[in-house]
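Visitor: In our numbering, the protein residues as written are -1 to 268.
In this text, a Cβ means the ideal position worked out from N, Cα and C, and glycines have one as well.
One structure is given below, represented as structure tokens, and several questions about it will come after.
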């Protein structure tokens, strides 16, 4: 299960998406996620599917690599679908014991499941095609105007970048600890849910110790190298928009306009 989490990992490839400015990819991810919640219609979701499929194809990142990350949210998706399916009132479709499935509940459950899937895949496209350093530079540059109101933009971007970078490291550390304890007779798979939660305690303690040790080592290394925040720092590779980045912004604008129009067409009434 741990190997299935793709958030925070980088997949090297030679594609237009990889070469885009990180600010463009941040804006694209934000626009895509906002469009999923702002426009809830069959037409808009079909358009979002086509747009996401096109971006994945251009990025040259294998689809199966992105889909693997969905396994980590399976139970969250199942709970969300069940919650919306049985607790939303409306036109009854059929009954299951004391529970009633409504037409409005089915519609909401389907849309929520699609949103969760696309949210994970859309975010994965950004992290899989952007290195942590570029992601940090992009966030810092995009949030630059907030410095005028004394927001520590560089520190916020650095924290988010370090958090993303530590995800695959901690997953690898967790996998090693699980294998070591399994070799000593630990069982993380069988038994009741409460039993399995108790079996996770011997895993969490060394994991937290390892995480704090890595954080302390990183802090000491940054201090030894004279790190003092973003004030007065320069970039080895400053971010400069290219022609492809401007075209990407235009594509985002057209996508959002098309999503707005698609949500107003209403060919498929649900």
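Going by beta-carbon coordinates alone, are residue 127 and residue 11 separated by less than 9 Å?
Guide: In contact: residue 127 and residue 11 (Cβ atoms closer than 9 Å).
Visitor: Ignore the nearest five residues each way along the sequence and tell me which others in residue 22's own chain have a CB closer than 6 Å to its CB.
Guide: Counting only Cβ-Cβ distances below 6 Å, and skipping sequence neighbours, we find 243 and 246.
Visitor: Only counting the same chain, and skipping five residues up and downstream in sequence, which positions put a Cβ closer than 6 Å to that of residue 129?
Guide: 8.
Visitor: Return the Cβ separation of residue 118 and residue 165 in integer angstroms, given the expectation that the two are a contact with Cβ distance under 8 Å.
Guide: Wrong, their Cβ atoms sit about 14 Å apart, outside the cutoff.
Visitor: Looking at the unbroken alpha helix (DSSP H) that takes in residue 79, where does it start and where does it end?
Guide: First-last of the alpha helix (DSSP H) with residue 79: 72 to 85.
Visitor: Should the stretch 69 to 83 be called in touch with the stretch 32 to 48, which here means at least 3 C-beta pairs below 8 Å?
Guide: Flag = no, the stretch 69 to 83 and the stretch 32 to 48 do not touch.
Visitor: Count the other CB atoms within 10 Å of the CB of residue 173; is the residue buried (16 or more) or exposed (fewer)?
Guide: It counts as exposed.
Visitor: Contact defined as beta carbons within less than 8 Å: I believe residue 157 pairs with residue 141. What is the distance between those atoms, to the nearest angstrom?
Guide: Not a contact, Cβ separation roughly 12 Å.
Visitor: Would you call the stretch 83 to 96 in contact with the stretch 109 to 125, where contact means no fewer than 3 C-beta pairs closer than 8 Å?
Guide: Counting Cβ pairs under 8 Å, fewer than three are found: no touch.
Visitor: If you reduce the DSSP assignment to three classes, tell me which class residue 99 lands in.
Guide: In the structure shown, residue 99 sits in a strand (DSSP, three-state: E or B).
Visitor: For the pair the stretch 35 to 43 and the stretch 141 to 150, tell me if three or more CB-CB distances fall below 8 Å.
Guide: No: fewer than three Cβ pairs fall under 8 Å.
Visitor: In angstroms with no decimal places, state the Cα-to-Cα distance between residue 162 and residue 145.
Guide: When rounded, the distance between both Cα atoms is 23 Å.
Visitor: If you check the beta carbons only, do residue 176 and residue 24 fall under 9 Å apart?
Guide: Against a cut-off of 9 Å, the Cβ pair of residue 24 and residue 176 comes out as no contact.
Visitor: In angstroms with no decimal places, state the Cα-to-Cα distance between residue 30 and residue 225.
Guide: Distance between the alpha carbons of residue 30 and residue 225: 35 Å.
Visitor: Closest to residue 114 by C-alpha separation, out of 260, 69 and 236, would be which residue?
Guide: Comparing Cα-Cα distances from residue 114 to each of 260, 69 and 236, the minimum goes to 69.
Visitor: What number of angstroms, rounded off, separates the C-alpha of residue 116 from the C-alpha of residue 254?
Guide: Each residue's Cα considered, the two are about 16 Å apart.
Visitor: Could you tell me the boundaries of the alpha helix (DSSP H) in which residue 234 lies?
Guide: Unbroken run through residue 234: none, as it is neither H nor E.
Visitor: On the criterion of 16 or more Cβ atoms from any shown chain inside 10 Å, does residue 53 qualify as buried, or is it exposed?
Guide: Its Cβ being crowded by 16 or more others within 10 Å, residue 53 is buried.
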